[in-house]
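Everything below concerns the one structure shown next.
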Ligand SMILES: Nc1ncnc2c1ncn2[C@@H]1O[C@H](COP(=O)(O)OP(=O)(O)O)[C@@H](O)[C@H]1O
Ligand SMILES: [Mg+2]
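In the working numbering, the protein residues as written are 90 to 462.
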């Protein structure tokens with residue numbers, strides 16, 4: 090898929106700005122604080138309905154305005170889709186080819202987009218929540234049902250936790266929520282297990298290429314509750330664990346076991362890179378995860394995801410930069426940077442260059458000409 094057009098209205102530091110993108114390479118140049126990441130964020134919203142940087146939608150409305158609009162079109166499997174996202178106050182509206190949608194999920198079913206950013210290292214080195222977020226996000230894209238199951242799981246979890254905080258909670262009601270947690274939770278575990286198994290194979294190969302065979306990357310699913318392929322066995326394990334924790338959960342006032350505490354193990358050459366990896370190893374592991382993510386999207390959906398590289402090139406050494414650019418040759422890529430070095434410029438095929446200055450964008454007139462630094 091690729092993005093054709095975008096218009097940002099009262100979005101971040103853009104008052105009103107239109108873009109027409111190249112099918113392959115789009116370079117976004119500008120000094121710090123001019124609006125490069127804002128532009129990538131706008132592109133992301135067009136396709137995914139939410140930001141990759143913030144949970145707080147209101148933050149994105151331009152200072153002094155009370156609404157924002159992001160609209161544009163992308164082409165997928167030879168079909169053009171027009172998207173219109175409007176946010177005013179707390180209300181967010183999506184129109185997909187003129188039809189009103191109400192949830193992010195409506196957009197998620199249409200688009201495939203992967204962001205590479207310096208923040209990706211956090212997936213590797215920070216708390217399990219970051220790794221769950223990575224896995225969940227990927228599954229949202231390739232398995233629309235997953236989103237629904239996870240929402241239902243979280244809702245059941247909230248209900249159970251409210252009950253646990255009561256002085257004398259109704260045990261039979263807790264039983265009901267235990268069953269619900271199992272119903273959705275076991276589906277989530279099954280999907281995560283299958284996905285991480287696949288990711289493990291692919292990322293291992295990718296990582297070997299990125300590091301010239303010097304490092305072996307190993308992923309593993311680390312479920313909070315033991316995972317079993319067999320339904321009855323899983324039920325026994327899941328419900329049994331919830332029962333075993335119930336008294337303690339009542340004291341704590343929350344549910345202490347379940348897939349909301351899952352993790353993904355990441356090791357390099359046998360060492361747990363989450364805790365003991367060097368910065369360089371963690372950065373490279375994150376890069377391999379992203380590249381593997383792309384392969385899975387392609388394999389599962391047949392689509393080349395749109396790639397956003399937000400200020401990542403400068404973080405990588407020359408070899409890794411080249412490797413990354415070469416790996417992305419069939420995707421539409423947006424690359425933001427303060428400047429581009431000659432080597433990279435040469436390795437890119439044709440594309441557009443946008444210069445960003447204080448929320449205004451100007452495109453170089455001739456597509457193949459790159460700016461002189
Ligand atoms: N809601 C907003 N309204 C107006 N300006 C904003 C808003 N949010 C962020 N900005 C401005 O956007 C700029 C940062 O843009 P950003 O795209 O992150 O920069 P960079 O080019 O370094 O990636 C800052 O100057 C900031 O003040
Ligand atoms: Mg930025």
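Note that CB positions come from ideal geometry on N, CA and C, so glycine has one too. Bear in mind the structure is a predicted one, so any value in this text is a computation, not a measurement.
Residue range of the unbroken alpha helix (DSSP H) whose run includes residue i
{"i": "residue 282", "result": "260 to 299"}
{"i": "residue 337", "result": "320 to 341"}
{"i": "residue 231", "result": "217 to 231"}
{"i": "residue 370", "result": "368 to 390"}
{"i": "residue 214", "result": "210 to 214"}
{"i": "residue 129", "result": "125 to 137"}
{"i": "residue 122", "result": "Looking at the DSSP string, residue 122 is not in any alpha helix (DSSP H), and its letter there is neither H nor E."}
Residue(s) in a DSSP beta bridge with residue i
{"i": "residue 184", "result": "173, 189"}
{"i": "residue 354", "result": "309"}
{"i": "residue 157", "result": "176"}
{"i": "residue 203", "result": "396"}
{"i": "residue 424", "result": "116, 398"}
{"i": "residue 103", "result": "100"}
{"i": "residue 163", "result": "92, 170"}
{"i": "residue 146", "result": "According to DSSP, residue 146 bridges with nothing at all."}
Residue i, enclosing beta strand (DSSP E) - first and last residue
{"i": "residue 152", "result": "Where residue 152 is concerned, there is no enclosing beta strand (DSSP E), given that its DSSP letter is neither H nor E."}
{"i": "residue 115", "result": "114 to 118"}
{"i": "residue 551", "result": "In this structure the chain extends from 90 to 462, so residue 551 is not present and cannot be described."}
{"i": "residue 100", "result": "91 to 100"}
{"i": "residue 449", "result": "449 to 452"}
{"i": "residue 397", "result": "395 to 399"}
Buried versus exposed, by CB contacts within 10 Å (16 or more), residue i
{"i": "residue 254", "result": "exposed"}
{"i": "residue 415", "result": "exposed"}
{"i": "residue 136", "result": "buried"}
{"i": "residue 106", "result": "buried"}
{"i": "residue 228", "result": "buried"}
{"i": "residue 292", "result": "buried"}
{"i": "residue 131", "result": "buried"}
{"i": "residue 319", "result": "exposed"}
{"i": "residue 259", "result": "exposed"}
{"i": "residue 300", "result": "buried"}
{"i": "residue 406", "result": "exposed"}
{"i": "residue 256", "result": "exposed"}
Own chain, CB closer than 6 Å to residue i, minus 5 neighbours either side, in chain order
{"i": "residue 295", "result": "377, 380, 381"}
{"i": "residue 419", "result": "393"}
{"i": "residue 165", "result": "90"}
{"i": "residue 109", "result": "94"}
{"i": "residue 315", "result": "326"}
{"i": "residue 397", "result": "129, 204, 423"}
{"i": "residue 290", "result": "none"}
{"i": "residue 184", "result": "173"}
Residues near residue i in its chain [Cβ-Cβ closer than 7 Å; skip 5 each side]
{"i": "residue 125", "result": "117, 119, 425, 445"}
{"i": "residue 457", "result": "Residue confidence for residue 457 is low, a pLDDT of 46 falling below 50, so the modelled location carries little weight; the figure read from the coordinates is stated next. These residues qualify, in order along the chain: 439."}
{"i": "residue 349", "result": "246"}
{"i": "residue 159", "result": "97, 100, 131, 134, 135, 174"}
Cβ neighbours of residue i in the same chain (closer than 8 Å, five flanking residues each side left out)
{"i": "residue 285", "result": "224, 308, 309, 310, 353"}
{"i": "residue 162", "result": "92, 93, 94, 169, 170, 171, 172"}
{"i": "residue 360", "result": "366"}
{"i": "residue 345", "result": "334, 337, 338"}
{"i": "residue 244", "result": "none"}
Spatial distance of residue i from residue j (CA atoms)
{"i": "residue 459", "j": "residue 451", "result": "Confidence in residue 459 is poor, its pLDDT being 42 and thus under 50, which makes the residue's placement unreliable; the coordinate value appears in the next sentence. Whole-angstrom Cα-Cα distance: 13 Å."}
{"i": "residue 462", "j": "residue 230", "result": "For residue 462, the predicted model reports a pLDDT of 36, less than 50, meaning its position is unreliable and no value from the coordinates is stated."}
{"i": "residue 332", "j": "residue 220", "result": "27 Å"}
{"i": "residue 134", "j": "residue 174", "result": "8 Å"}
{"i": "residue 386", "j": "residue 283", "result": "14 Å"}
{"i": "residue 298", "j": "residue 264", "result": "50 Å"}
{"i": "residue 114", "j": "residue 273", "result": "41 Å"}
{"i": "residue 200", "j": "residue 138", "result": "10 Å"}
{"i": "residue 153", "j": "residue 143", "result": "19 Å"}
{"i": "residue 43", "j": "residue 408", "result": "No statement about residue 43 is possible, as the shown extent of the chain runs from 90 to 462 and does not include it."}
{"i": "residue 100", "j": "residue 156", "result": "8 Å"}
{"i": "residue 104", "j": "residue 189", "result": "25 Å"}
{"i": "residue 218", "j": "residue 226", "result": "12 Å"}
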